[in-house]
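One line per chain: the protein sequences are A and B, in this order. Using UniProt numbering, read the first sequence as starting at 1 and increasing by one per residue. Using UniProt numbering, read the second sequence as starting at 1 and increasing by one per residue. We put the CB at the ideal spot given by N, CA and C, even for glycine.
There are 2 protein chains.
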Amino acid sequence: MVFGTPPPPRRAAKDCNVLTIAGSDCSGGAGIQADLKTFAAHGCYGTSVLTALTAQNTIGVQGVHPVSPEFVASQIRSVLDDVEIHALKTGMLCNAEISLAVSEALTLYKNAGKPIPIVCDPVCVSTSGHTLLEPGSVDVLLDHLFPISTLLTPNKSETELLLSSRGCNFEIETLDDLVGAATRLSALSDCSVLVKGGHFISSLEEVKEFSSRHPEVEVIKQNILEENMEILLVGQEGTQNRKLVVDVLHQPEATVLFCRPRIDSTSTHGTGCTLSSAITCRLAQGFSVKDAVAEASLYTYLGILTARPMGKGFGPLNHLHSVDHVAIPSPTQVNPYPFTYHLIQGSRQIWKEYVEHDFVKLLGKGILPKAAFAHFIKQDYHYLKYYARAYGLLAAKSSSFGAIQSATETIMNVINEIATHKTFCQSFGISPEELESTPESTATTAYGAYILNVGLQGDHAKLVMALMACLLGYGEVGLWLKKEASLPSSWVAMEGNPYRKWIEDYSGVHYQNAVRIGIESIEKLVVIDHPSPARLKEWEDVWLRCAELEKGFWDAAMAQA
Amino acid sequence: MVFGTPPPPRRAAKDCNVLTIAGSDCSGGAGIQADLKTFAAHGCYGTSVLTALTAQNTIGVQGVHPVSPEFVASQIRSVLDDVEIHALKTGMLCNAEISLAVSEALTLYKNAGKPIPIVCDPVCVSTSGHTLLEPGSVDVLLDHLFPISTLLTPNKSETELLLSSRGCNFEIETLDDLVGAATRLSALSDCSVLVKGGHFISSLEEVKEFSSRHPEVEVIKQNILEENMEILLVGQEGTQNRKLVVDVLHQPEATVLFCRPRIDSTSTHGTGCTLSSAITCRLAQGFSVKDAVAEASLYTYLGILTARPMGKGFGPLNHLHSVDHVAIPSPTQVNPYPFTYHLIQGSRQIWKEYVEHDFVKLLGKGILPKAAFAHFIKQDYHYLKYYARAYGLLAAKSSSFGAIQSATETIMNVINEIATHKTFCQSFGISPEELESTPESTATTAYGAYILNVGLQGDHAKLVMALMACLLGYGEVGLWLKKEASLPSSWVAMEGNPYRKWIEDYSGVHYQNAVRIGIESIEKLVVIDHPSPARLKEWEDVWLRCAELEKGFWDAAMAQA
């Protein structure tokens with residue numbers, strides 16, 4: 001786990017379709033339920049073929065109903081004939097007939113030229129001790145399913161059972177045994193094999209000793225506090241690094257040990273299902289088996305670590321520990337501006353008070369008192385100085401030349417606007433000297449200083465938020481007045497309206513183009529750097545406050561009328 | 001949808017357990033698969049009792065295998081006897097026997113004094129037209145299931161079917177019909193009723209006209225671009241606001257219309273399952289029926305809107321549109337500092353080069369050349385001025401008095417440290433004048449100016465990140481030297497070590513306490529304001545760069561030796 005590694009997968013999780021062929025656990029902790037939750041937590045699309053139904057919970061298995069082999073095959077066909085599957089796993093296969101039906105259906109699929117990663121979790125016994133695979137089925141797995149599988153994920157006792165069925169009797173008691181068993185099963189099955197060490201207690205000392213004898217075996221330590229992490233060990237002395245869980249991955253090219261601290265927990269129901277599902281998701285994405293196992297075992301470990309107790313026995317893992325919730329949906333063609341929609345809809349009342357301000361209505365009618373407009377235009381002149389400075393600050397807070405250029409162009413636009421501003425003022429009898437010497441109103445200071453304060457306090461994104469209410473609101477006003485003016489017998493008068501140029505400026509292509517760029521930039525911002533609820537709240541607050549300050553700006557102008 | 005509403009639920013989603021009693025759709029778009037995905041997307045723990053298995057896909061239903069009523073009841077007992085369920089839904093119940101078994105099991109549970117919200121989705125026909133409830137079962141629903149249900153969620157044709165089975169024949173053709181049907185079914189069933197308008201085409205005009213005649217009926221508009229959103233309508237003219245989907249919720253106290261733009265999409269397989277599951281999650285959290293429906297219909301709508309095409313027919317919704325992935329797991333008792341662990345583990349190599357620097361080792365042994373230490377201590381003096389200024393900037397970027405105070409206390413600590421620094425320097429023959437007049441080295445400028453640059457560019461959190469490598473690294477060095485010194489025949493010499501005071505300072509309670517506060521503050525930061533991958537990357541980069549600059553600082557000192 002070094003920043004930035006492993007390399008990005010070949011296929012985004014959201015584009016992966018995965019399949020589990022397994023039993024149902026109505027209590028939701030194991031079986032296809034655990035699989036579907038794991039698929040969802042990884043962002044993959046999950047499908048599931050049922051081999052058996054169980055009535056079970058955290059205490060035990062109260063009943064098992066196998067599905068007919070024909071209907072299992074029928075379900076597999078329904079899925080594989082219609083949905084492109086990128087990786088699949090098998091779990092509880094119940095009996096020899098189902099095991100054979102599954103093997104045959106998948107072999108057919110494979111022979112049809114669609115080789116995909118198959119993870120076979122050879123489930124034999126439940127966590128609570130219930131037999132989930134009838135005796136005599138093991139041979140079917142070995143003869144028919146393993147030959148088409150990519151990776152097997154047996155636990156200690158399943159490994160022993162599988163080996164013994166091929167006349168290789170031995171009990172796993174040491175780390176050497178665990179590695180030896182993985183090697184043998186791999187040779188026997190011609191698959192990569194991950195022997196899960198959950199039922200085998202190891203230690204950092206044992207791993208170190210093993211490592212010294214087998215330097216060729218890679219050791220991947222997960223969540224183990226090592227040397228140089230003294231500051232994390234404070235208060236943890238004696239509890240860490242004692243007992244380890246070691247999973248052994250044997251592949252033809254290499255053997256890898258995955259070591260994690262052993263957790264004292266009863267939330268282990270469905271651990272095996274979860275691990276093999278997580279591996280399946282990673283393989284679908286195009287990870288190597290080793291990277292897939294590394295990611296998946298950490299996911300599963302964190303699932304146990306963060307589980308809340310449930311039920312009276314062995315409770316389920318927390319499959320959703322890695323899941324967060326987004327407040328703003330992704331843009332789509334039908335809904336291209338979800339964030340801007342959120343901002344306007346969420347500030348509905350003040351937004352309306354701002355863009356439908358009396359100032360705007362009277363201006364549209366052409367009957368806005370000149371005193372009000374003069375006050376506004378003079379204060380706007382002062383405000384634009386703050387606004388230009390804020391874009392200077394935005395340039396200083398930028399990370400790319402593109403962003404620096406964009407901020408700088410806005411400053412230049414403001415500077416140019418100032419020239420036309422002066423001309424415009426003169427047509428209202430306001431001389432450049434009067435413009436310059438007009439004292440700044442409280443409303444102007446409040447708004448201008450607020451924007452700069454946001455810029456001082458926050459990051460680039462937050463400052464952008466502070467600049468949006470002005471940009472978008474004037475764009476809205478411009479478009480609204482233009483649209484209304486185009487209607488028959490409209491209340492908006494363009495002919496002879498002393499403020500016609502103002503309306504034309506803000507509804508014009510140049511300004512509206514700036515609005516478009518602004519909207520697209522904040523939408524992109526949210527997609528690239530999705531805010532947490534806390535951060536979104538900050539942005540909403542800034543947007544809302546700026547809309548209020550905009551309204552206040554026009555209130556102050558109207559007070560002059 | 002106004003910022004901050006609806007009010008926070010009574011129970012956090014992560015603490016909710018929900019149950020679906022429905023059929024299986026192996027292709028993953030409908031049935032318990034859609035339900036479990038929806039539960040996961042909401043953060044709730046999902047359980048599922050199977051009533052029937054289907055072999056189906058996006059094209060149609062290829063086979064149905066009902067589960068025996070006894071085994072359905074057995075599954076319900078397994079779940080309800082062990083897991084505390086906060087809300088449940090029923091979907092496809094297949095036939096009269098299963099419908100009765102489910103009704104009886106739930107009635108038993110309800111009579112045992114555990115009344116929980118029950119959402120009944122009276123599934124009769126699949127999206128593809130397959131009958132999913134045998135004729136004759138409708139009476140069982142009406143007589144046995146509805147009496148214990150909270151909310152029914154039939155679509156247009158199911159509503160017509162249910163009403164006709166009680167002798168009330170009429171076809172829903174207008175919005176008035178839709179509202180009338182909801183009202184009648186509600187009276188008949190004594191439940192709240194949500195009639196889904198997915199198969200009924202309405203318009204904003206029809207809703208407005210209805211509204212003018214029925215001002216008592218609340219209209220909730222979802223994702224509809226209204227007046228004052230002109231800037232969002234650019235490029236969307238003519239496509240928006242034409243056809244609407246209207247769902248009608250009838251409750252004894254009020255009727256509400258939920259209106260959304262109709263989406264032209266084939267990704268609608270499992271829409272009903274998804275909606276009723278999402279409502280169930282919200283009811284489990286303690287939302288009112290109205291708020292639950294509002295949230296759930298928006299969730300479902302976005303699922304259709306953001307779906308990617310899948311299969312040859314009617315594809316599934318995107319259940320995971322609201323789901324994001326967290327990079328840093330939540331702290332637990334066993335794993336209290338996951339973010340700090342992530343930082344150190346992710347920067348493993350440079351972190352080791354920093355805290356295990358030759359400078360540190362020689363200092364521990366007491367044989368560090370005085371020239372190296374003198375260079376270090378003089379440059380550290382200059383560095384601390386940057387450091388104090390950075391905390392000043394941090395105070396300026398703070399939002400609470402607590403944060404302002406914390407930053408200010410650090411400045412005061414540095415000021416005090418400066419005094420002991422001077423005394424310490426004098427014991428090494430460095431006068432206050434020499435200390436003050438020593439030119440700043442490039443390494444010092446690089447580090448100090450980098451921190452202030454981060455502070456200028458980013459927000460409070462990012463600046464905190466820039467201050468952590470120094471705080472934590474020195475804490476690590478202090479603890480490491482102290483631990484090593486305590487071992488028998490250690491390489492760290494405390495007796496007669498000219499740098500003993502330095503070691504004692506950084507391993508001492510005062511400094512270590514500051515380290516603890518620092519670690520806890522960044523862990524809390526991540527929990528409260530979980531960073532997006534893009535933002536986390538920025539933080540990692542800052543941490544990594546600071547660790548490099550720390551190493552560079554000691555490199556420069558060693559170059560003097």
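Distance, L244/B Cα to V217/B Cα: Straight-line measurement puts the Cα of L244/B at about 17 Å from the Cα of V217/B.
Three-way DSSP call (helix, strand, coil) for H65/B in this model: It is a strand residue.
Same chain only: Cβ atoms within 7 Å of A493/B, ignoring 5 sequence neighbours per side: K365 and G366
Span of the alpha helix (DSSP H), counted from its first residue to its last, around H250/B: Unbroken run through H250/B is the beta strand (DSSP E), K243 to Q251; no alpha helix (DSSP H).
Cut-off 6 Å between Cβ atoms - residues of its own chain near K551/B, not counting five sequence neighbours on either side: E353 and Y354
Positions along the region 449-460 of chain A whose CB lies within less than 9 Å of some CB in chain B: L456, Q457, G458, D459 and H460
Closest Cα partner of T90/A within the set E84/A, I522/A, L152/A and Q56/A: Cα-wise, what sits closest to T90/A is L152/A.
Residue 574/A vs T58/A beta-carbon contact at 8 Å: This structure cannot speak to residue 574/A, because chain A is shown only from 1 to 561.
Local Cβ density within 10 Å of E230/A, reported as buried at 16 or more and exposed below that: With a threshold of 16 other beta carbon atoms within 10 Å, E230/A meets it and is buried.
Partner residues on chain A for M229/B, Cβ-Cβ distance less than 7 Å: What M229/B touches in chain A: I344.
C-beta neighbour in chain B for D81/A, strict 8 Å: yes
Given H530/B as reference, the closest of G43/B, L194/B and A327/B once Cα atoms are compared: A327/B
A407/B to T444/A span [Cα, whole Å]: Each residue's Cα considered, the two are about 31 Å apart.
Residues of the region 12-28 of chain B with Cβ closer than 8 Å to any Cβ of chain A, in chain order: If the cut-off is 8 Å between Cβ atoms, the region 12-28 of chain B has K14, D15, N17, S24, C26, S27 and G28 near chain A.
Cβ of R282/A within 8 Å of any chain B Cβ: Chain B contact via Cβ: absent.
Residue burial classification, K208/B (beta-carbon count within 10 angstroms, cutoff 16): Under this definition K208/B is an exposed residue.
Rounded C-alpha distance that separates T438/A from Q379/A: 8 Å
Euclidean distance between Cα positions of L471/B and N413/B: Across the structure, L471/B and N413/B are spaced so that their CA atoms are roughly 13 Å apart.
Bridge partners - P261/B, DSSP secondary structure assignment: L244/B
Buried or exposed by the 16-neighbour rule on C-beta atoms within 10 Å, applied to V195/B: V195/B comes out buried.
Partners in chain D for M310/A, counting only beta-carbon separations shorter than 9 Å: The structure shown contains no chain D; its protein chains are A and B.
DSSP bridge partner residues for G31/A (one or two, in chain order): According to DSSP, residue pairing for G31/A in a beta bridge involves S24/A.
Cross-chain neighbours of T306/A in chain B, by beta carbon under 7 Å: P329, S330 and T332
Where Q379/B meets chain A, residues with beta-carbon distance less than 7 Å: The contacting residues do not exist; Q379/B stays about 24 Å from chain A at best.
A55/B, DSSP secondary structure in three states: strand
Interface residues of the region 207-232 of chain A facing chain B [CB-CB below 7 Å]: If you check each beta-carbon in the region 207-232 of chain A against every beta-carbon of chain B, the ones closer than 7 Å belong to N223, N228, M229, E230, I231 and L232.
Start-end ranges of the alpha helix (DSSP H) lying completely within the region 491-553 of chain A, minimum 4 residues: 500-507 and 509-528
Alpha-carbon spacing of Y387/A relative to Q333/A, whole angstroms: 33 Å
Cβ neighbours of Q240/A in the same chain (closer than 8 Å, five flanking residues each side left out): For Q240/A, the pLDDT reaches just 47, beneath the cut-off of 50, and the residue's location in the model is therefore unreliable, leaving the point undetermined.
Strand pairing of K89/B, partner residues [DSSP]: Bridge partners of K89/B: T20/B and V119/B.
C-beta contact flag for C124/A and F146/A at 8 Å: no
Contact with chain B by N95/A, beta-carbon distance below 8 Å: no
Own chain residues within Cβ distance below 6 Å of P117/A, not counting five before or after: Once the five neighbours on either side are set aside, the close Cβ partners of P117/A are A87, T150 and L283.
Interface residues of the region 365-392 of chain B facing chain A [CB-CB below 9 Å]: none
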